[in-house]
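Enquirer: Below are the structure tokens for one structure; questions will follow.
Structural data, given as structure tokens:
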């Protein structure tokens, strides 16, 4: 088994140089919020071996859901947002619930969640509450440096949209949103975007779930920032499943299609090992879809698969408000609601209080990323099934 | 204590001391650590059941959610944070979370000798030294 250890050790010393203005902000001359932001940028600059900071065109910030950042996060953002303002276009990840569907969400959760949203809005972000900004907003030109914290968005945008971001953290993207800068390193450099290792499946893929399993495998195996897949061009639905899963299991932030110097095989045995790890139930009380939030392609596919049928259990579909509005205009949400599905906006499957162990023992999902967090964070068992299979098994 | 490792790369400055808690497995701070106790909650992890509070935590790098940076910050707020972190390759989540939580972080040099598990170690990030 490849252990990837060749790239684990440092072979450079500190070489990050700040401009005079940046040094001054770091020293505290421009207020506490900017000092914190530059402290973060210097730390991640050192960690990634950057020589300088460069302007970015867009920051996408995670750390919006109260279930993920907790009280410490609420307090941090409240204080930070009293003085900090975003200086570039900044979009934000999903929160914990849909503000139009507070049913079953405790008042405490709603209150904390509102506080977080207010902090971000005070800083001047676009209240997008989406983990798929690449499906919702106009993109800057190819080659643009951006700072995306949500891992599926970082992988998808690096790999398919030509944007350049490292796999940022919630706090590093926040630092970039208020400074408008990020370290020039790793996936923001041409040389960081050439994978050394390719993964080649040795069986025919049948569904988006196979792409999810491949991505999860890649994240675990590849210690570099990018990986090549020796596969035909995936569809948008497949590429989203692939991107989300890569981002879940490791540190890899980009894929290319084609070959590389070294090749690792991905067989049915490897796929089954991942299923054994994260598909922890045979069946589920409900179906939960949308990690990442579903886009128009997935909604169209699901509407086709469930045409003239009805789900025989609760089916929650998580998508952004923007996609929901688009889908509603062309009657797509109506078709899915006719099949018994419910829409939840502003939120996603991962760590939402809608899907808690108090309410459900197990759920059905097609998302490898969703399954990982449902198992580990929501503590709910998951039956992983692809769109086609679940539409067939759970409709009448 | 004597200097056992020189030439570490400073990621976040400062110094910290505590028993070395060493793992070869990456850590997912959001999904695997209980912020209220600092305990590793993933039964598949080799540090399962142990608290990282007050330790010099030695691990390769962090994995998983970008929100792990807030999870590290939460450790500071609950007073369950490690006193220092030593990585083989500090990642963005660890670096940014520790920058805000004031936890010193260094990366090990390529040929670093092994640290002794459970023995008190001192990390001096600004000079790049580890003593044990």
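Chains as they are written, first to last, in my numbering: chain A, 1 to 396; chain B, 1001 to 1132.
Backbone N, C-alpha and C fix where the C-beta goes; we use that ideal spot for every residue, glycine too.
So, is residue 113 of chain A buried or exposed, given that buried needs 16 or more other C-beta atoms within 10 angstroms?
Expert: As a first step, residue 113 of chain A is located in the first chain; it is residue number 113 there, counting from the start. Under this definition residue 113 of chain A is a buried residue.
Enquirer: Please name the residue, chosen from A:99, A:103, A:130, that lies closest to residue 115 of chain A on a Cα-to-Cα basis.
Expert: On the first chain, position 115 is the one that residue 115 of chain A refers to. Residue A:99 is the option with its Cα nearest to residue 115 of chain A.
Enquirer: Does any CB atom of chain B fall closer than 9 Å to the CB of residue 373 of chain A?
Expert: On the first chain, residue 373 of chain A is found 373 positions in, with the first residue counted as 1. Answer yes: the Cβ-Cβ gap between residue 373 of chain A and chain B drops below 9 Å somewhere.
Enquirer: Based on DSSP bridge pairs, tell me the residues matched to residue 1017 of chain B.
Expert: Start at 1 with the first residue of the second chain, and residue 1017 of chain B comes out as number 17. Paired residue(s): B:1122.
Enquirer: Relative to the C-alpha of residue 328 of chain A, which candidate in A:303, A:170, A:384 has its C-alpha closest?
Expert: In the first chain, residue 328 of chain A corresponds to position 328, counting from 1. Nearest option by C-alpha distance: A:303.
Enquirer: My understanding is that residue 1072 of chain B touches residue 1097 of chain B, with C-beta atoms under 8 Å, so please give their C-beta distance in whole angstroms.
Expert: Taking the first residue of the second chain as 1, we reach residue 1072 of chain B at position 72. Taking the first residue of the second chain as 1, we reach residue 1097 of chain B at position 97. The pair is a contact, with the Cβ atoms about 3 Å apart (cut-off 8 Å).
Enquirer: Would you list the one or two residues that DSSP bridges to residue 315 of chain A?
Expert: Your numbering for residue 315 of chain A matches position 315 in the first chain. In the DSSP output, where bridge partners are listed per residue, residue 315 of chain A has A:287, A:341.
Enquirer: Which residue wins for smallest C-alpha separation from residue 366 of chain A, given the options A:189, A:86, A:388?
Expert: Here residue 366 of chain A corresponds to residue number 366 of the first chain, with the count starting at 1. When only C-alpha atoms are compared, the closest one is A:388.
Enquirer: Name, please, each residue of chain B whose Cβ falls closer than 8 Å to the Cβ of residue 63 of chain A.
Expert: If you number the first chain from 1, residue 63 of chain A lands on position 63. Those within 8 Å of residue 63 of chain A in chain B are 1066, 1067, 1069, 1070.
Enquirer: May I have a chain-ordered list of the alpha helix (DSSP H) segments no shorter than 4 residues that lie completely inside the region 1076-1108 of chain B?
Expert: Segments of the alpha helix (DSSP H) lying fully in the region 1076-1108 of chain B: 1092-1101.
Enquirer: Please list the terminal residues of the continuous beta strand (DSSP E) segment that includes residue 84 of chain A.
Expert: Here the question's residue 84 of chain A lines up with position 84 in the first chain. From DSSP, residue 84 of chain A is part of no beta strand (DSSP E); its letter is neither H nor E.
Enquirer: Out of B:1110, B:1057, B:1132, point me to the one whose CA is closest to residue 1104 of chain B's CA.
Expert: For the purposes of this step, residue 1104 of chain B is taken as the residue at position 104 of the second chain. Checked all of B:1110, B:1057, B:1132; the closest Cα to residue 1104 of chain B is B:1057.
Enquirer: Looking at the secondary structure, which residues open and close the alpha helix (DSSP H) in which residue 176 of chain A lies?
Expert: Translated into the one-based positions of the first chain, residue 176 of chain A becomes position 176. 170-179 is the extent of the alpha helix (DSSP H) around residue 176 of chain A.
Enquirer: Give me the chain B residues within the contact set of residue 166 of chain A, using Cβ-Cβ distance strictly less than 9 Å, ordered along the chain.
Expert: Position 166 of the first chain, counting from 1, holds the residue named residue 166 of chain A. Neighbours of residue 166 of chain A on chain B, chain order: 1092.
Enquirer: Using a Cβ-Cβ cut-off of 9 Å, state whether residue 230 of chain A counts as contacting chain B.
Expert: To locate residue 230 of chain A, count along the first chain from 1; it is residue 230. With 9 Å as the cut-off, residue 230 of chain A does not count as an interface residue toward chain B.
Enquirer: Take the Cβ of residue 259 of chain A as the centre, count every other Cβ of all protein chains shown within 10 Å, and call the residue buried at 16 or more, exposed below.
Expert: For the purposes of this step, residue 259 of chain A is identified with residue 259 of the first chain, where counting begins at 1. Label assigned to residue 259 of chain A: exposed.
Enquirer: May I ask which residues mark the beginning and end of the alpha helix (DSSP H) holding residue 226 of chain A?
Expert: Indexing the first chain from 1 puts residue 226 of chain A at position 226. Unbroken run through residue 226 of chain A is the beta strand (DSSP E), 226-229; no alpha helix (DSSP H).
Enquirer: Could you tell me whether the Cβ atoms of residue 183 of chain A and residue 41 of chain A are closer together than 9 Å?
Expert: Mapped onto the first chain, residue 183 of chain A falls at position 183. Mapped onto the first chain, residue 41 of chain A falls at position 41. Yes; because the gap between Cβ atoms is below 9 Å, this pair is in contact.
Enquirer: For chain B, is any of its Cβ atoms less than 9 Å away from the one on residue 39 of chain A?
Expert: Counting from 1 along the first chain, the entry for residue 39 of chain A is found at position 39. So yes, residue 39 of chain A belongs to the interface.
Enquirer: In this structure, does DSSP put residue 1003 of chain B in helix, strand or coil?
Expert: Sequence index remark: in the second chain, residue 1003 of chain B carries index 3 (1-based). Reduced to three states, the DSSP call for residue 1003 of chain B is strand.
Enquirer: Measure how close the beta-carbons of residue 1018 of chain B and residue 1106 of chain B come, nearest whole angstrom, since I'm counting them as under 8 Å.
Expert: Sequence index remark: in the second chain, residue 1018 of chain B carries index 18 (1-based). Sequence index remark: in the second chain, residue 1106 of chain B carries index 106 (1-based). Actually they do not touch by this definition, with Cβ atoms about 14 Å apart.
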